[in-house]
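Quick note on UniProt numbering: the sequence shown kicks off at 1 and runs consecutively.
Just so it is clear, CB atoms sit at the ideal spot from N, CA and C, and this is done for glycine as well.
Here is the structure we will look at.
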Amino acid sequence: MLLINTRPKHRGQAIRQMTDMTVIDLPLLDIQTLPMTEAKASMMRAWLDHHYDALVVTSVESARRALEYLDDLNGESDWQQTLPDAPIVAVGSATAKVLTDRGIPVILPKIANNEGMLAMTEIQALASGSRLLIWRGVGGRKLLNDTLKARGVKIDVIRWYERFIPADLADNFQQNLTTINKTADIFVIISSEMAYQAWRGLSHHRRYRYLALGERLKNIIRAHEPDAMVDELVTLEPDEIHQVIHQNSLV
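Encoded structure:
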């Protein structure tokens, strides 16, 4: 049994340390921090000055970078004590943990995607003239943005980082082919649509069992590979990955 850990190098450590199976690293994406601009800094000041009616934080990466910026901006001051009282929506439990570990209260949608956010009472309350700030990376779905803009909500977006396909992805894949080809059961983590696109760009000559983060991603994989074996992950925690893999190994 083999698990292909496709998470970015700096994010896959816990998966890499799983001990009851062979794990190989094949990062499908890498992440580059984008520079802070005056426009972004102005949005951050406006948020701290209580000028927004809500904040949406879409990822661990955006949460971490925003916190680093706020620490640098405020020095040793305990800026968390004077946060705006407008709701802070964290998309996913991992993103929420980054913020709550710093004493920042958050709320989570029942489903960690655009549809889940749009169903939230706090988001539904945003009307024409309301102001929303979003911390995110470059790219991704625009359903939340487009739906709220059509409602007349003023939306500002701070893009903290950009994802890209590593230049050595194909070489890395080739170097692992011997191990891949001699293993019967191979599980592949797919954590985003962009990661799946990178995966599909490689030359494959065998079947895999996919571990897809969320129902939407599971459906995307099945749309491209109708016969694929795809199981849904709710999180990327090693305990859940272990449970899903071993359930499948008994099938």
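Buried or exposed (CB count within 10 angstroms, at least 16 for buried), residue i
| i | result |
| --- | --- |
| residue 164 | exposed |
| residue 7 | buried |
| residue 214 | buried |
| residue 61 | buried |
| residue 5 | buried |
| residue 95 | buried |
| residue 129 | exposed |
| residue 92 | buried |
| residue 143 | exposed |
| residue 191 | buried |
| residue 110 | exposed |
Which listed residue (the options) has its alpha carbon closest to that of residue i
| i | options | result |
| --- | --- | --- |
| residue 137 | 32, 119, 187 | 32 |
| residue 176 | 20, 27, 19 | 27 |
| residue 161 | 57, 190, 25 | 57 |
| residue 78 | 102, 90, 92, 95 | 102 |
| residue 186 | 67, 25, 10, 117 | 25 |
| residue 295 | 180, 117, 218 | There is simply no residue 295 to check, as the chain begins at 1 and stops at 251 in what is shown. |
| residue 212 | 39, 196, 174, 110 | 196 |
| residue 20 | 109, 29, 1 | 1 |
| residue 147 | 133, 100, 115 | 115 |
| residue 30 | 48, 127, 10 | 10 |
Paired residues, beta bridge with residue i - DSSP
| i | result |
| --- | --- |
| residue 234 | DSSP, once it has assigned bridges, lists no residue as partnering residue 234. |
| residue 136 | 159 |
| residue 97 | Residue 97 pairs with nothing; no bridge assigned. |
| residue 54 | 132 |
| residue 173 | Answer by DSSP bridge pairing: none, since residue 173 is not bridged. |
| residue 210 | 188, 230 |
| residue 154 | 131 |
Separation of residue j from residue i, as counted between CA atoms
| i | j | result |
| --- | --- | --- |
| residue 172 | residue 74 | 42 Å |
| residue 87 | residue 53 | 7 Å |
| residue 252 | residue 157 | A query on residue 252 cannot be resolved here, the shown segment of the chain reaching from 1 to 251 and no further. |
| residue 230 | residue 199 | 15 Å |
| residue 276 | residue 244 | An answer regarding residue 276 cannot be provided, because it is not within the stretch 1 to 251 covered by the chain. |
| residue 81 | residue 222 | 46 Å |
| residue 220 | residue 228 | 11 Å |
| residue 183 | residue 232 | 22 Å |
| residue 168 | residue 194 | 16 Å |
| residue 38 | residue 247 | 51 Å |
| residue 40 | residue 71 | 15 Å |
| residue 152 | residue 36 | 27 Å |
| residue 218 | residue 207 | 16 Å |
| residue 43 | residue 133 | 8 Å |
Spatial neighbours of residue i in its chain, beta-carbon cut-off 7 Å, leaving aside the 5 residues before and after
| i | result |
| --- | --- |
| residue 113 | 214, 216 |
| residue 65 | 33, 160, 161 |
| residue 251 | Low per-residue confidence applies at residue 251: pLDDT is 49, beneath 50, and the placement is therefore not dependable, though the value from the model is reported in the following sentence. Cβ neighbours of residue 251 beyond the five flanking positions: none. |
Cut-off 6 Å between Cβ atoms - residues of its own chain near residue i, not counting five sequence neighbours on either side
| i | result |
| --- | --- |
| residue 131 | 52, 53, 154 |
| residue 178 | none |
| residue 12 | 5 |
| residue 150 | none |
| residue 202 | 173 |
Sequence-distant residues of its chain with Cβ nearer than 8 Å to residue i (five each side left out)
| i | result |
| --- | --- |
| residue 140 | 58 |
| residue 253 | Residue coverage of the chain in this structure runs from 1 to 251, which leaves residue 253 outside it and unanswerable. |
| residue 15 | 3, 5, 7, 23, 189, 236, 238, 241 |
| residue 50 | 84, 85, 86 |
Chain D contact for residue i (CB, 8 Å cutoff)
| i | result |
| --- | --- |
| residue 166 | Although the question refers to chain D, the structure presented lacks it and comprises just one protein chain. |
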